[in-house]
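Have a look at the structure below, then the notes.
Numbering (the numbering used here), first residue to last: 9 to 409.
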């Protein structure tokens with residue numbers, strides 16, 4: 009291929025190049041970092057070359073009945089060139105690939121299988137990922153990228169559905185070419201995972217998930233192991249540690265026994281679900297109000313003790329430190345007897361927890377799908393406001409040429 013000298017000066021040592029004839033001797037040279045537009049000398053013009061670096065914030069293509077305009081938006085403004093409309097499919101793929109590589113959206117050796125335009129949505133299928141952007145521009149920095157190693161399933165419903173990390177994502181496609189885009193993505197995804205069909209990919213994902221779940225212990229098993237092997241916090245707190253007899257001589261009389269004879273006072277049995285006295289603040293003695301509340305934790309077989317006698321011997325009234333319960337409040341874990349804890353809430357909560365987890369997952373998927381749809385609509389509304397201004401700028405550039 010004969011490359012004009014003015015073009016060779018700009019290419020330097022660049023060897024990877026795509027050349028497209030755009031009429032007469034005019035050509036477009038596309039390299040990974042930039043696009044060069046060469047205009048041959050004519051009757052009223054001299055030889056010229058324009059350079060468009062691919063490090064852009066936005067790239068757009070628009071077309072009328074005769075010409076297509078390729079616009080590069082930089083921080084300092086918009087630059088564009090025109091080519092015959094029928095050359096769009098030849099120029100667009102290498103230019104778009106150069107933009108994606110320069111802006112680090114794809115790897116240097118990553119190949120673009122195909123790109124599609126559906127209304128305001130651009131769909132780009134590479135050999136390693138799916139990229140999609142919404143807006144009047146073909147491409148900008150606001151986009152979504154889905155690596156193939158995260159895609160576990162693919163379906164073509166009303167829209168394109170992909171399962172990313174086990175959760176569905178819906179990509180709205182309008183117009184012709186939807187089936188072709190699905191088939192292109194299907195072929196690329198199967199080739200990446202080394203399977204013959206999407207069904208095989210879904211089966212492999214299901215088997216992998218089942219294996220992981222089998223290897224992990226369930227929450228119910230862990231709860232049962234802890235219940236069988238470890239004492240409950242209340243049981244542990246009820247077991248008094250062994251004490252040195254010498255320590256007892258330094259304690260005030262009446263703390264754990266009768267101040268007169270030194271014998272320990274018999275403690276009433278306590279329920280497993282009764283709060284620990286050490287963690288509850290003391291409640292004022294009921295004797296101030298003149299009424300004696302019934303202690304639900306006292307053993308009915310224990311004889312009534314005289315509070316006055318207990319106070320005289322130095323023993324604190326247990327009723328003054330027991331947490332006060334409302335009469336209408338049901339005893340948790342008790343069914344007619346305080347000494348028989350009910351273990352049924354454990355299994356019930358475990359079952360209800362599984363159902364709640366399934367409901368949360370389902371609702372999360374629905375919310376994610378709705379959020380994606382709302383975000384697409386919001387982006388469309390915001391970007392449509394800029395369309396007229398951008399087209400006006402491009403039209404002014406064409407008029408100046």
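For every residue, glycine included, the Cβ atom is placed at its ideal position computed from N, Cα and C.
Reduced DSSP secondary structure (H/G/I, E/B, other) of residue i
i: residue 51; result: coil
i: residue 397; result: helix
i: residue 146; result: coil
i: residue 111; result: coil
i: residue 390; result: helix
i: residue 121; result: strand
i: residue 10; result: coil
i: residue 373; result: helix
i: residue 380; result: helix
i: residue 33; result: coil
i: residue 406; result: helix
i: residue 297; result: At residue 297, the pLDDT of 42 sits below 50, so the modelled position is not reliable and the matter cannot be decided from this model.
Paired residues, beta bridge with residue i - DSSP
i: residue 26; result: 38
i: residue 412; result: Here the chain covers residues 9 to 409 and nothing more, so residue 412 does not appear.
i: residue 154; result: 138
i: residue 129; result: 126, 142
Residue i: CB within 8 Å of a non-hydrogen atom of the ligand NAD
i: residue 88; result: The ligand NAD is not part of this structure, which contains no ligands at all.
Nearest residue (CA-CA) to residue i, options the options
i: residue 178; options: 393, 380, 406; result: 380
i: residue 32; options: 39, 43, 49; result: 49
i: residue 90; options: 84, 74, 101, 104; result: 74
i: residue 376; options: 400, 176, 399, 393; result: 176
i: residue 55; options: 69, 35, 135, 39; result: 35
i: residue 38; options: 169, 368, 163, 105; result: 105
i: residue 21; options: 191, 41, 98; result: 41
i: residue 406; options: 28, 78, 44; result: 78
i: residue 159; options: 400, 108, 119, 207; result: 207
i: residue 372; options: 174, 198, 195, 127; result: 174
i: residue 19; options: 198, 166, 45; result: 45
i: residue 144; options: 403, 387, 401, 404; result: 387
i: residue 138; options: 148, 127, 113, 368; result: 113
i: residue 111; options: 102, 399, 383, 148; result: 148
i: residue 107; options: 146, 70, 98; result: 146
i: residue 140; options: 119, 168, 118; result: 168
i: residue 135; options: 189, 197, 368, 102; result: 197
i: residue 402; options: 25, 189, 71, 390; result: 71
i: residue 399; options: 88, 29, 171; result: 88
i: residue 98; options: 52, 80, 28, 161; result: 28
i: residue 15; options: 392, 59, 395; result: 59
i: residue 47; options: 13, 404, 24, 68; result: 13
i: residue 100; options: 116, 30, 150; result: 30
i: residue 164; options: 203, 383, 10, 193; result: 193
Requested in this report: Determine, using beta-carbon pairs with one atom in the stretch 152-166 and one in the stretch 90-110, whether at least three such pairs fall under 8 Å.
Outcome: no
Query raised in the report: Can you list the alpha helix (DSSP H) stretches of 4 or more residues lying completely in the stretch 41-105, in chain order?
Result: none
Query raised in the report: Is there contact between the stretch 123-132 and the stretch 59-68, where contact requires at least three CB pairs shorter than 8 Å?
Result: Too few Cβ pairs lie closer than 8 Å, so no.
Query raised in the report: Counting only runs that start and end within the stretch 160-226, where is the beta strand (DSSP E) found for 3 or more residues in a row?
Result: Taking only runs of at least 3 residues, the beta strand (DSSP E) segments lying wholly in the stretch 160-226 are 168-172, 175-179.
Query raised in the report: Pairing CB atoms from the stretch 131-139 with CB atoms from the stretch 79-87, are three or more of them under 8 Å?
Result: Because the criterion of three Cβ pairs below 8 Å is not met, the stretch 131-139 and the stretch 79-87 do not touch.
Query raised in the report: Three or more C-beta pairs closer than 8 Å, one from the stretch 203-213 and one from the stretch 179-188: is that the case here?
Result: Contact fails: fewer than three Cβ-Cβ distances are below 8 Å.
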